[in-house]
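The sequence shown begins at 52 in my numbering and counts up one residue at a time.
Think of the CB as a built atom: it goes at the ideal place given N, C-alpha and C, for glycine as much as any other residue.
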Amino acid sequence: MKIGKQYKLRPDIKEAAAQHVRSLFIQAGNSDLVRLLKKEAFKRVYKQMLADPDSFMPRIFSAEIEPWSGTKPKGPGDFLTGSFVLPSLPQVQIQLQEIIDDPKSTIGDLTEIIGREPKLAAAVLRLANSGLYKLEGKIETPSKAVELLGFEKAGTLALGTASLSLFKRSDDAVLDLVKFWKHSIACGVVAQEIAFIAGLGDPERFFAGGLMHDIGLHVIFESDYSMAVDIFKLACSDGYNLYKAEHEMLGFNHADLGGYILMKWKFPRQLIAAAWGHHNPRKVKTDPDAMVIHVADFIAQALGYELGISPVIGYIDRTAWEKIGITAEQLIEMLPEIRRLIDDVFYIFEE
Ligand SMILES: [Fe+2]
Numbered sequence: 052m053k054i055g056k057q058y059k060l061r062p063d064i065k066e067a068a069a070q071h072v073r074s075l076f077i078q079a080g081n082s083d084l085v086r087l088l089k090k091e092a093f094k095r096v097y098k099q100m101l102a103d104p105d106s107f108m109p110r111i112f113s114a115e116i117e118p119w120s121g122t123k124p125k126g127p128g129d130f131l132t133g134s135f136v137l138p139s140l141p142q143v144q145i146q147l148q149e150i151i152d153d154p155k156s157t158i159g160d161l162t163e164i165i166g167r168e169p170k171l172a173a174a175v176l177r178l179a180n181s182g183l184y185k186l187e188g189k190i191e192t193p194s195k196a197v198e199l200l201g202f203e204k205a206g207t208l209a210l211g212t213a214s215l216s217l218f219k220r221s222d223d224a225v226l227d228l229v230k231f232w233k234h235s236i237a238c239g240v241v242a243q244e245i246a247f248i249a250g251l252g253d254p255e256r257f258f259a260g261g262l263m264h265d266i267g268l269h270v271i272f273e274s275d276y277s278m279a280v281d282i283f284k285l286a287c288s289d290g291y292n293l294y295k296a297e298h299e300m301l302g303f304n305h306a307d308l309g310g311y312i313l314m315k316w317k318f319p320r321q322l323i324a325a326a327w328g329h330h331n332p333r334k335v336k337t338d339p340d341a342m343v344i345h346v347a348d349f350i351a352q353a354l355g356y357e358l359g360i361s362p363v364i365g366y367i368d369r370t371a372w373e374k375i376g377i378t379a380e381q382l383i384e385m386l387p388e389i390r391r392l393i394d395d396v397f398y399i400f401e402e
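This is the structure in structure tokens:
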């Protein structure tokens, strides 16, 4: 179904969709980008309300869940040394980081590490063939993919891809892991395409930045069930969004925690900056990564790849968008390609 002047919309659904979109963007301001994304969001929401109205029902938690009784931590470090434990890195990731950090490493070393993990090798090969990297011709083997991408691109891509294995689901989780994965992947694809069009160089590091940007959110929501429910409920209250609710409950938000975790894990500087600054890109002065991931995070949610927590997307930093230097029209033109790439990458990771 196409939505345009020639089609008559159902007035009740039209009003409900318009109201939903107004709420989504209530903290977003009124730039050209926001106006165009609102139009896109309206088409999507209207169709979804017709096809699956139940998906818009608010989530209800059992009244028997006790409120969180923990004390506010002094900061991300205190949070992780208290009752919550920093997740440990898989061996392949440690090895990848050692190879990436060692100036004597060769592309052969990297290929060997990637080749030891069949799932990782397959994902790298398929991503290299997916259109994300604009490589010509079909690449037949993981080693050829690494060779064509080059040491840095392949290393960052492998690091981001391997990191996805950290996001495991516990039963009855407050965070919907499928939505979380899709949001992370969509943010990575949007960030990479923005970086490509803006000529920022190394677009693959923006893809990895998008994959990892919400790792702090995953850790917070997997840490304590009552705490996660309380943050969820507060994030759905009037005037709040997710990171404001986290800040009120914990004294920091998932971006602060994510940056801290990636720093502890000794991740590349730009990936730390992307996670740490993605809800406040002005904190990062040196690299454009936080700006790009901030904007890509907003756009991914506007396109429907939401986390399913707060009904509000949050704000978009106008200066960050303007500094990136592409226009809203350029972005809207890219959307069909972005959507196709997101579908391709979902498919690769689902397998
Ligand atoms: Fe976030």
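Close Cβ partners of residue i (< 8 Å) along its chain, the five nearest in sequence each way excluded
i, result
"residue 78", "292, 363, 364, 365 and 366"
"residue 281", "118, 119 and 300"
"residue 235", "215, 218, 261, 262, 263, 264 and 265"
"residue 97", "54, 60, 64, 65 and 68"
"residue 399", "174, 177, 178 and 181"
"residue 72", "89, 92, 93 and 96"
"residue 313", "263, 266, 322, 323, 326 and 327"
"residue 87", "379, 380, 382 and 383"
Residue i versus residue j: straight-line alpha-carbon distance, rounded
i, j, result
"residue 379", "residue 167", "43 Å"
"residue 240", "residue 75", "22 Å"
"residue 259", "residue 210", "7 Å"
"residue 182", "residue 188", "10 Å"
"residue 185", "residue 243", "12 Å"
"residue 229", "residue 113", "22 Å"
"residue 115", "residue 289", "24 Å"
"residue 267", "residue 83", "31 Å"
"residue 276", "residue 320", "32 Å"
"residue 360", "residue 155", "45 Å"
"residue 199", "residue 157", "14 Å"
"residue 395", "residue 128", "37 Å"
"residue 278", "residue 109", "19 Å"
"residue 311", "residue 162", "29 Å"
"residue 286", "residue 302", "14 Å"
"residue 103", "residue 62", "17 Å"
"residue 337", "residue 383", "28 Å"
"residue 213", "residue 284", "32 Å"
"residue 149", "residue 369", "38 Å"
"residue 335", "residue 309", "14 Å"
"residue 270", "residue 298", "15 Å"
"residue 133", "residue 391", "43 Å"
"residue 80", "residue 130", "33 Å"
"residue 159", "residue 385", "36 Å"
"residue 296", "residue 232", "21 Å"
"residue 85", "residue 153", "43 Å"
"residue 111", "residue 274", "20 Å"
"residue 358", "residue 201", "33 Å"
Neighbourhood of residue i by C-beta distance below 7 Å, restricted to the same chain and skipping five residues each side
i, result
"residue 342", "332, 371, 374 and 375"
"residue 165", "171, 172, 175, 193, 197 and 209"
"residue 316", "140"
"residue 404", "The structure shown does not extend to residue 404, since the chain is modelled only from 52 to 402, so the question has no answer here."
"residue 329", "264, 306, 341, 344, 345 and 348"
"residue 99", "106"
Residue environment, residue i, which counts as buried when at least 16 other CB atoms sit within 10 Å
i, result
"residue 142", "exposed"
"residue 169", "exposed"
"residue 107", "exposed"
"residue 348", "buried"
"residue 24", "Past the edges of the chain, shown from 52 to 402, lies residue 24, and the structure says nothing about it."
"residue 90", "exposed"
"residue 323", "buried"
"residue 70", "exposed"
"residue 144", "buried"
"residue 146", "buried"
"residue 101", "exposed"
"residue 389", "buried"
"residue 190", "buried"
"residue 123", "exposed"
"residue 339", "buried"
Close Cβ partners of residue i (< 6 Å) along its chain, the five nearest in sequence each way excluded
i, result
"residue 352", "364"
"residue 20", "Look at the range of the chain in this structure, 52 to 402, and you will see that residue 20 is not part of it."
"residue 294", "304 and 330"
"residue 226", "272"
"residue 204", "255"
"residue 350", "241"
"residue 237", "351, 356 and 393"
Proximity test, Cβ basis, 8 Å: residue i and chain C
i, result
"residue 178", "Included in the structure is just one protein chain, with no chain C present."
Unbroken stretches of the alpha helix (DSSP H), 4 residues or longer, contained in the segment 142–172: 142–152 and 158–167
Complete runs of the alpha helix (DSSP H) confined to the segment 251–306 [at least 4 residues]: 254–263, 266–274, 276–286 and 293–301
Segments of 4+ residues assigned as alpha helix (DSSP H) that fall wholly inside the segment 338–402: 340–353, 369–375 and 379–401
Could you pull out every unbroken alpha helix (DSSP H) segment of at least 4 residues lying fully inside the segment 178–212, listed in chain order? 193–200
Can you check the segment 76–116 for any alpha helix (DSSP H) of at least 4 residues that lies completely inside it and give the ranges in chain order? 83–102
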